[in-house]
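Engineer:
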Amino acid sequence: MTFPRRLGWAVLGGLALVWLPWAFSEYHIHIFTISLYYVILAIGWNLLAGYAGQFSLAHHTFAGLGAYTSALLVHHTGVPILAGIGAGVVLAAVVGYGLGTLCLRMRAIYLALATWAFAESVRLLIQVEYGFTRGDLGFRTPMLFGTPLPTPYFYLFLGLALAVGLAARQIVGSRIGTYLRAIRDDEEAAAVMGVDTFKWKRVAFVISAVFAAIAGGFQGHYIGLLSPTPMKFNEMAMVIIMVVVGGLRTFPGPIIGAVFIELLSELLRAWGEIRMVLFALLVLVVVRAYPGGLVGLARTATARLPQWAPCK
Amino acid sequence: MTPVLETRGLSKRFGGVVAVDGLSLTVGQGEIRGLIGPNGSGKTTTVNLLSGLYRADAGEIVVRGERTERLRPHEIAARGVGRTFQVPKLFGNMTVLENVLVPALAAIDRGTERPLPEVLERAGHLLEFVTLQPLRDALAKELSGGQAMLAQIARAFMVRPLHLLLMDEPFAGVHPTIRAVIIESVLRMNREEGVTALVVSHEMPELRRLCSRVSVMHEGTLIAEGTLDEVANDARVLEAYLGR
Ligand SMILES: Nc1ncnc2c1ncn2[C@@H]1O[C@H](COP(=O)(O)OP(=O)(O)O)[C@@H](O)[C@H]1O
Ligand SMILES: [Mg+2]
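Those sequence lines, one after another, are chains A and B. What the first sequence shows, in our numbering, is residues 1 to 312, in sequence order. What the second sequence shows, in our numbering, is residues 1001 to 1244, in sequence order.
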């Protein structure tokens, strides 16, 4: 596609998204907003697991860390909400740096185990410290826009997702992206060719933690009630499912996957927990038969298109 | 003149196996040295120690007068040590050109990068020289074994400045025409840029064309050193190869 055409499509797509709240009910706009929240989580995890090959299982924890930090700070010290979210992001970066330092020298399986253990510890801590966090009762948070109506939050998350998406794209296209891809393909070869593998893995880890904390921080001040439930492994599994089904290590994969799975999940709400089984099966099928995910499928399809097209 | 590479008492054990046992090896500036020895004598372990992938249990490694046995692999690369692996280790999902550019990109990270046009020109020249120019946009995982070896060699030459090239079995399972290209490229880099090389190999005809001297390892230590003909007649070498 030529640049003006690309731009044309982008403007059209942008207008369509901006117009969505006029065409749909509040309930639907809420679902779209939650989809965008997952888009941000998925983009961050794809950067770390897809591009850099580091399968962290604590991605959802950084979202929770962002949300709880802001909620607790705002509640106990009365700082403005945006300052609370900022503090959550900084804390996630610091914790991400520390956890990365501890875990990123490990082999893949130990990295997964260590990050999972970290995730469970943080969740249990929040559950047990109910005097401070109100545990399973849930912690009320003030609304960012003073209203629970979804439309302003939809626009907010649209902007955030766009910003995070562009940032991720910038990183992947830069030399850092090349370091990360090299590390994923062969870490030893990258190291002996001069790449400081540990440093760049940790950079990716911190960036993905920051993305997650941004998403979590803002989302906390939208849903208005935090609980340790979304810090369970289920939530991490959802992010993995979204990225894998959409297309691991592609730019649009996490975006398409997050929206697709979140919408499907809403559509099948009546099925309850059975949905997870369905999604797990979906992941198996994708991994076995279409490792490129939905994006891979679409690319193969469009590659065949020109043969049918009458002109060109 | 300080040697490019010197090891003293270098040792590495894996559990009960002593893979490298007090190895003392010196390679002079501009030399192409062969490293031979029966299977399991510790050659690959030595290369892994020299490139920083393994941490030595004891002993010293000195590269151009600087101790490197405590450095990490990328720090050793920054001191001008490049290498290839016996089973090629390329970045499979990157193109051949991208593979070759990784050392130049890594140099940006440590602030020793060269101008981009120069980097691209060198990459182009090297790919041309190792006959991979037509495949520059192919994914590395699509290369044959011999082509992958050539790509590894071109990639190692992109480490700048390259002082020491370590090659682990570059001829193993490689077609004769590609062997000739490998020999030619190492000789040329040696001649034109003064690159010193340590070549682990079993292939005597190839070693004869590449090196004037070889070192022989057995059970982790050096048992002989000299021209190929000298070591071929050495009693200890014969014994090592033929068994006790
Ligand atoms: N990563 C490793 N773990 C355990 N043992 C190893 C490892 N690498 C090499 N060895 C052992 O060390 C000895 C020397 O191996 P190696 O350096 O590969 O020899 P060569 O390359 O000369 O054939 C062998 O006995 C081998 O089994
Ligand atoms: Mg070997």
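Built from N, CA and C at the ideal position, the CB exists for glycine as well.
Going by alpha carbons, who is nearest to Met1167 of chain B out of B:Ala1235, B:Ile1032 and B:Thr1227?
Structural biologist: Within the second sequence, the letter at position 167 stands for residue 1167 of chain B. Looking at the Cα atoms, B:Ile1032 is the closest of the given residues.
Engineer: What I want to know is whether the C-beta of Lys1043 of chain B ends up closer than 6 Å to one or more non-hydrogen atoms of ligand 1.
Structural biologist: Position 43 of the second sequence, counted from the first residue, corresponds to residue 1043 of chain B. Checking every heavy atom of ligand 1 against the Cβ of Lys1043 of chain B, one is found closer than 6 Å.
Engineer: Below 8 Å on the Cβ atoms is my guess for Val164 of chain A versus Phe211 of chain A; work out the distance and round it to an integer in Å.
Structural biologist: Here residue 164 of chain A refers to the residue found at position 164 when the first sequence is read from its first residue. Here residue 211 of chain A refers to the residue found at position 211 when the first sequence is read from its first residue. Indeed they touch by this definition, with Cβ atoms about 5 Å apart.
Engineer: Ligand 1 heavy atoms versus the CB of Gly1040 of chain B: any closer than 6 Å?
Structural biologist: On the second sequence, residue 1040 of chain B is found 40 positions in, with the first residue counted as 1. Yes, ligand 1 has a heavy atom inside 6 Å of this Cβ.
Engineer: Thr1204 of chain B by DSSP, collapsed to three states: which one?
Structural biologist: As a position in the second sequence, residue 1204 of chain B is number 204, starting the count at 1. Thr is not the amino acid found at residue 1204 of chain B; the sequence shown has Met there. The answer is helix: DSSP assigns Met1204 of chain B an H, G or I state.
Engineer: Between Ile1108 of chain B and chain A, is there a C-beta pair that is closer than 7 Å?
Structural biologist: For the purposes of this step, residue 1108 of chain B is taken as residue 108 along the second sequence, with counting starting at 1. Output row for Ile1108 of chain B: interface = yes.
Engineer: If you measure from the CB of Ala1056 of chain B, is any heavy atom of ligand 1 nearer than 6 Å?
Structural biologist: Locating residue 1056 of chain B in the second sequence gives position 56, counting from the first residue. Incorrect: Ala1056 of chain B has no Cβ contact closer than 6 Å to ligand 1.
Engineer: In chain order, which continuous runs of the beta strand (DSSP E) of length 3 or greater are located wholly inside the stretch 1069 to 1150 of chain B?
Structural biologist: The stretch 1069 to 1150 of chain B contains these whole beta strand (DSSP E) runs: 1081 to 1084.
Engineer: Kindly indicate if chain B contains any beta-carbon less than 7 Å away from that of Val192 of chain A.
Structural biologist: Walking along the first sequence from the start, residue 192 of chain A turns up at place 192. For Val192 of chain A, the answer is yes, since a Cβ of chain B falls inside 7 Å of its Cβ.
Engineer: Exposed or buried, which one is Arg1155 of chain B when buried takes at least 16 other CB atoms within 10 Å?
Structural biologist: Numbered from 1 along the second sequence, position 155 holds the residue referred to as residue 1155 of chain B. Arg1155 of chain B comes out buried.
Engineer: Please report the straight-line C-alpha distance between Lys312 of chain A and Phe3 of chain A, rounded to a whole angstrom.
Structural biologist: Here residue 312 of chain A refers to the residue found at position 312 of the first sequence. Here residue 3 of chain A refers to the residue found at position 3 of the first sequence. Only weak support is given to the placement of Lys312 of chain A: the predicted model assigns it a pLDDT of 39, under 50, and the question is left unresolved by the model.
Engineer: What residue from B:Arg1160, B:Val1159 and B:Gln1152 has the CA that sits closest to Pro1170 of chain B's CA?
Structural biologist: Along the second sequence, one-based indexing puts residue 1170 of chain B at 170. Nearest option by C-alpha distance: B:Gln1152.
Engineer: Let's test the definition: count the other Cβ atoms within 10 Å of the Cβ of Ser35 of chain A and tell me whether it reaches 16, buried, or not, exposed.
Structural biologist: Here the question's residue 35 of chain A lines up with position 35 in the first sequence. The residue is buried, with at least 16 neighbouring Cβ atoms inside 10 Å.
Engineer: Would you mind telling me which residues of chain A sit closer than 9 Å to Gly1207 of chain B, beta carbon to beta carbon, in chain order?
Structural biologist: The residue labelled residue 1207 of chain B in the question sits at position 207 within the second sequence. Checking the displayed sequence, the identity of residue 1207 of chain B turns out to be Leu instead of Gly. Those within 9 Å of Leu1207 of chain B in chain A number zero; the least Cβ separation is about 23 Å.
Engineer: Using CA coordinates, which residue listed in A:Pro142, A:Val259, A:Ile256 and A:Arg304 is at the minimum distance from Pro80 of chain A?
Structural biologist: Numbered from 1 along the first sequence, position 80 holds the residue referred to as residue 80 of chain A. The shortest Cα separation from Pro80 of chain A among A:Pro142, A:Val259, A:Ile256 and A:Arg304 belongs to A:Pro142.
Engineer: According to a CB-to-CB cut-off of less than 8 Å, which residues of the stretch 153 to 180 of chain A neighbour chain B?
Structural biologist: Against chain B - using a Cβ distance shorter than 8 Å - the residues of the stretch 153 to 180 of chain A are Arg175, Thr178 and Tyr179.
Engineer: Tell me whether the stretch 257 to 266 of chain A and the stretch 212 to 231 of chain A touch, counting them as touching only if at least three CB pairs, one residue from each stretch, are closer than 8 Å.
Structural biologist: Because the criterion of three Cβ pairs below 8 Å is not met, the stretch 257 to 266 of chain A and the stretch 212 to 231 of chain A do not touch.
Engineer: For a contact defined as C-beta to C-beta under 8 Å, what are the partners of Leu1053 of chain B on chain A?
Structural biologist: If you number the second sequence from 1, residue 1053 of chain B lands on position 53. Going along chain A in sequence order, the residues near Leu1053 of chain B (Cβ under 8 Å) are Glu188, Ala191 and Val192.
Engineer: Beta-carbon within less than 6 Å of Ile1178 of chain B's beta-carbon, same chain only, minus the 5 sequence neighbours each way: which residues are those?
Structural biologist: The residue labelled residue 1178 of chain B in the question sits at position 178 within the second sequence. Taken in chain order, the residues that qualify are Gly1146.
Engineer: So, at 6 Å on beta carbons, what are the nonlocal neighbours of Gly84 of chain A in its own chain, with the 5 sequence-adjacent residues on each side left out?
Structural biologist: The residue you call residue 84 of chain A lines up with position 84 of the first sequence. These residues qualify, in order along the chain: Ser70, Leu73 and Val74.
Engineer: Is it buried or exposed, Ala16 of chain A, if we count other Cβ atoms within 10 angstroms and call 16 or more buried?
Structural biologist: Residue numbering aside, residue 16 of chain A sits at position 16 when the first sequence is read from its first letter. Per the 10 Å Cβ criterion, exposed.
Engineer: Look at the alpha carbon of Ala49 of chain A and the alpha carbon of Ala119 of chain A, and state the distance between them as a whole number of angstroms.
Structural biologist: One-based indexing of the first sequence puts residue 49 of chain A at position 49. One-based indexing of the first sequence puts residue 119 of chain A at position 119. Spanning the two alpha carbons is a distance of roughly 16 Å.
Engineer: Is the separation between the beta-carbon of Ala191 of chain A and that of His1074 of chain B shorter than 7 Å?
Structural biologist: For the purposes of this step, residue 191 of chain A is taken as residue 191 along the first sequence, with counting starting at 1. For the purposes of this step, residue 1074 of chain B is taken as residue 74 along the second sequence, with counting starting at 1. Against a cut-off of 7 Å, the Cβ pair of His1074 of chain B and Ala191 of chain A comes out as a contact.
Engineer: Are the C-beta atoms of Val295 of chain A and some chain B residue less than 7 Å apart?
Structural biologist: Within the first sequence, the letter at position 295 stands for residue 295 of chain A. Output row for Val295 of chain A: interface = no.
Engineer: Please list, in chain order, the residues of the stretch 195 to 206 of chain A that have any C-beta partner in chain B closer than 9 Å.
Structural biologist: Listed by position, the residues of the stretch 195 to 206 of chain A near chain B (Cβ gap below 9 Å) are Val195, Asp196, Thr197, Phe198, Lys199 and Trp200.
Engineer: Rounding to the nearest angstrom, what Cα-Cα distance links Leu1035 of chain B and Arg304 of chain A in this structure?
Structural biologist: Position 35 of the second sequence, counted from the start, is the residue given in the question as residue 1035 of chain B. Position 304 of the first sequence, counted from the start, is the residue given in the question as residue 304 of chain A. So the two alpha carbons sit approximately 52 Å from each other.
Engineer: Can you tell me which of the three DSSP states Ser1041 of chain B falls into?
Structural biologist: Working through the second sequence from its first residue, we reach residue 1041 of chain B at position 41. DSSP places Ser1041 of chain B in coil when its eight states are reduced to three.
Engineer: Nearest chain B C-beta to Ala182 of chain A closer than 7 Å, yes or no?
Structural biologist: Within the first sequence, numbered from 1, the residue matching residue 182 of chain A stands at position 182. At least one chain B Cβ lies under 7 Å of Ala182 of chain A.
Engineer: Under three-state DSSP, which class holds Cys311 of chain A?
Structural biologist: Numbered from 1 along the first sequence, position 311 holds the residue referred to as residue 311 of chain A. With a pLDDT of 45 at Cys311 of chain A, under the threshold of 50, the predicted position of this residue should be treated as unreliable, though the coordinate-derived value follows. The answer is coil: DSSP assigns Cys311 of chain A none of H, G, I, E or B.
Engineer: Comparing the C-beta of Gly1092 of chain B with each C-beta of chain A, is any distance below 7 Å?
Structural biologist: Position 92 of the second sequence, counting from 1, holds the residue named residue 1092 of chain B. It does; some Cβ of chain A falls within 7 Å.
Engineer: Name the residue from A:Arg202, A:Leu102, A:Ile223 and A:Cys103 whose alpha carbon lies nearest to the alpha carbon of Gly146 of chain A.
Structural biologist: Translated into the one-based positions of the first sequence, residue 146 of chain A becomes position 146. The shortest C-alpha separation from Gly146 of chain A is found at A:Ile223.
Engineer: Establish whether the CB of His1074 of chain B and some CB of chain A are separated by less than 7 Å.
Structural biologist: Along the second sequence, one-based indexing puts residue 1074 of chain B at 74. Interface residue, yes.
Engineer: Report the rounded CA-to-CA distance for Ala209 of chain A versus Val259 of chain A, giving the unit in angstroms.
Structural biologist: For the purposes of this step, residue 209 of chain A is identified with residue 209 of the first sequence, where counting begins at 1. For the purposes of this step, residue 259 of chain A is identified with residue 259 of the first sequence, where counting begins at 1. Looking at the two C-alpha atoms, the distance is approximately 21 Å.
Engineer: Taking C-alpha atoms, which residue in A:Thr197, A:Gln219 and A:Phe279 lies nearest to Arg105 of chain A?
Structural biologist: Reading the first sequence from its first residue, position 105 is the one you call residue 105 of chain A. Closest option to Arg105 of chain A, Cα to Cα, is A:Thr197.
Engineer: What is the C-beta distance between Ser1185 of chain B and Val1130 of chain B, in whole angstroms, given that I count them as a contact (C-beta under 8 Å)?
Structural biologist: Mapped onto the second sequence, residue 1185 of chain B falls at position 185. Mapped onto the second sequence, residue 1130 of chain B falls at position 130. Rounded, the Cβ-Cβ distance is 6 Å, consistent with contact.
Engineer: Along chain A, in chain order, which residues have C-beta atoms closer than 7 Å to that of Ala1078 of chain B?
Structural biologist: The count along the second sequence starts at 1 and reaches residue 1078 of chain B at position 78. By Cβ distance, chain A contributes Gly194.
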